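Below is one structure, written out as structure tokens, with a few remarks after it.
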Amino acid sequence: MTTDILVLGGGIAGIQSTLDLAEMGFKVHLVERLSSIGGKMAQLDKTFPTNDCAI
Amino acid sequence: MLDVGRHPNISLLAYSELTALEGEAGDFTATVVKKARYVDADKCTGCGACTEVCPTPVLDLYNEGHAERKAIYSWFAQGIPSTHVIDPDHCRVLTGKKCGVCAKKCQAGAIDFDQTDEIVEIPVGAVVVATGYDVFDPARIPEYRYTTLDNVVTAMEFERFLSASGPTEGHVYRPSDRKLKQEKIALEKSQTKLAKTLARFEKKHGMDSPAFLEALEAGSLEVTEDLAKDKDKWAEKATVFLAGDDRLAALAQEVALVKTATKIAFIQCVGSRDLRFYPFCSGYCCMHAIKEAIIAHEHDNDTQSVIFGMDIRAVGKGFEEYKIRGGNSSQIAYRRSRVAEIVPGENQAPVLIYEDTTTRKIVRESFDLVVLSTACAPVKDAAGVADTLGIALDKFGFFKTEAATPMDTSREGIFVCGCAHSPMDIPESVAQASSAAARAVQTVMKSKKAS
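So, in structure tokens, the structure goes:
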């Protein structure tokens, strides 16, 4: 029995879940297939509708 | 992203894959393979000195294949973790050749060619699946000629062109024009090398190459014993060199005329709302196209974009206003149409054939560059992931959920969010991610109380 949580995928959704859980005090294991996290969002230059930088 | 790397409650397993999930909600055991990076994560500082000296160029998929990286690399400059990784399929040492310059250069002594995959077993109470999506492969729509026309690209490729850190440093040069520039650079390099070889022959035999070729052809060449040995090679190199010079002159003229693309077409619903592929709307592509057109106009005020779509779906907070602003101040025209075909035109310009539904006329229109708003497709190995996790897929290949429990997969204790669930934009992904996190907490706390 454990309260650790596994998050599979380090894109924007996985990162948000991971940070939420970690902030709540749970130990999170974030597994990402590529060598760094960020996913598709890290490839975006800017985001709509505010034209903010994605990274 | 930075917070993930340094939060005390987060264990980051990048460059890793889940291979099995045994047990039940509250008491799972996850088996994760940490793939060998061939770089010691404790020693690597992420300085990048290794990539500078690595001699092996590899296609850079972060830049959608429009740039090159090295065999030792980080996925992108600001990546977390910053630990570099060696690509075992391309590294000279790992493919059995001689090299190892990265190991010599690395001051931290982080390179470790003997590293092997590591398998770890992690007890967890719940799982959040956020495996995302893949961009629809437009090669499946042959009439758009994505694979044969250089200047037809996907929205994700165009995103990289617009990025200051991308392959064109934010200037929208057409791929065909970039190819010309690359050909020119490569040819200049090989011509310089050839010129050196020719100079050696010329000095040795006391005549210049054109004169030598002329004499050889006319049969008036006085073939000494020395020259007999060099004659064939010299003739071959000289011929290649002269042809190269002509090509170089032509290339220089073409390259001098190259301008950035300023007339851009966006084609919506490429693969989505299409009964041959995905019948659903991908949700974000209309806004994505508008955003790209606005940014392109910001980079170059002469840019005019036409967005071809059945309708523009600007559903979201501030989205409709954004669409109107794009039309009013960024020279974006919205044309109600479904483009039938893209055909090659003059000077590598793609020509669109479509019916303008407001005038009911068939139109042929030429553009500098065409951007395909590709559908949000399930990840290619969705079936494999579903199998590993023991959860069901829906008929399209996204993870199956029910309307009343949108975050719950078919296996208790496993939750899904973001584009692994269904196509959605960033704010929605973030909202779902928080929901899935909350559901995961409910599962682990329920199990903890029960025990």
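Respectively, the protein sequence lines represent chains Z and D.
When you line the first sequence up against the numbering used here, it's residues 140 to 194, in that order.
When you line the second sequence up against the numbering used here, it's residues 93 to 543, in that order.
Built from N, CA and C at the ideal position, the CB exists for glycine as well.
It should be emphasised that the depicted structure is a prediction, and the values quoted were computed from it without experimental measurement.
Contact annotation, Gln207(D) with Tyr130(D): C-beta distance approximately 5 Å; criterion of less than 8 Å satisfied. Under the three-state reduction of DSSP, Glu109(D) is assigned to strand.
DSSP assignment within the region 358–433 of chain D yields the following whole beta strand (DSSP E) runs of 3 residues or more, N-terminal first: 396–401, 424–428. For Arg252(D), a Cβ of chain Z is located within less than 9 Å of the residue's own Cβ. If you check each beta-carbon in the region 142–158 of chain Z against every beta-carbon of chain D, the ones closer than 9 Å belong to Thr142, Asp143, Ile144, Leu145, Val146, Leu147, Gly148, Gly149, Gly150, Ile151, Ala152, Gly153, Ile154, Gln155, Ser156, Thr157, Leu158. For Thr121(D), the uninterrupted beta strand (DSSP E) run begins and ends at 119–126, by DSSP. Per the DSSP secondary-structure output, Lys162(D) pairs in a beta bridge with Pro149(D). Only buried fits Ile424(D), as 16 or more other CB atoms lie within 10 angstroms of its CB. With distances taken between CA atoms, Asn155(D) lies nearest to Phe168(D) out of Ile445(D), Phe168(D), Met499(D). Shown here, Arg456(D) sits in a strand according to DSSP, grouped into three states. In this structure the region 369–388 of chain D touches the region 397–406 of chain D; the number of beta carbon pairs closer than 8 Å is three or more.
Under DSSP, Thr497(D) takes part in a beta bridge, and its partners are Glu494(D). Inter-segment contact for the region 338–347 of chain D and the region 442–450 of chain D is absent: fewer than three beta-carbon pairs are separated by less than 8 Å. Taking a Cβ-Cβ cut-off of 9 Å, Gly336(D) has no neighbours in chain Z, whose nearest Cβ is about 37 Å from it. Under the three-state reduction of DSSP, Lys285(D) is assigned to helix. In the DSSP assignment, His168(Z) is bridged to Leu145(Z), Ser103(D).
Linking Ala469(D) to Ile233(D) through their CA atoms gives a straight-line distance of about 14 Å. Counting the other CB atoms within 10 Å of its CB gives Pro302(D) a total below 16, which places it among the exposed residues. DSSP, reduced to helix, strand and coil, places Thr186(Z) within a strand of the structure shown. Measuring C-alpha to C-alpha distances from Ile454(D) to each of Pro442(D), Gln440(D), Gly115(D), Glu433(D) identifies Glu433(D) as the nearest. Interface with chain Z (9 Å Cβ-Cβ cutoff): Phe358(D) is excluded.
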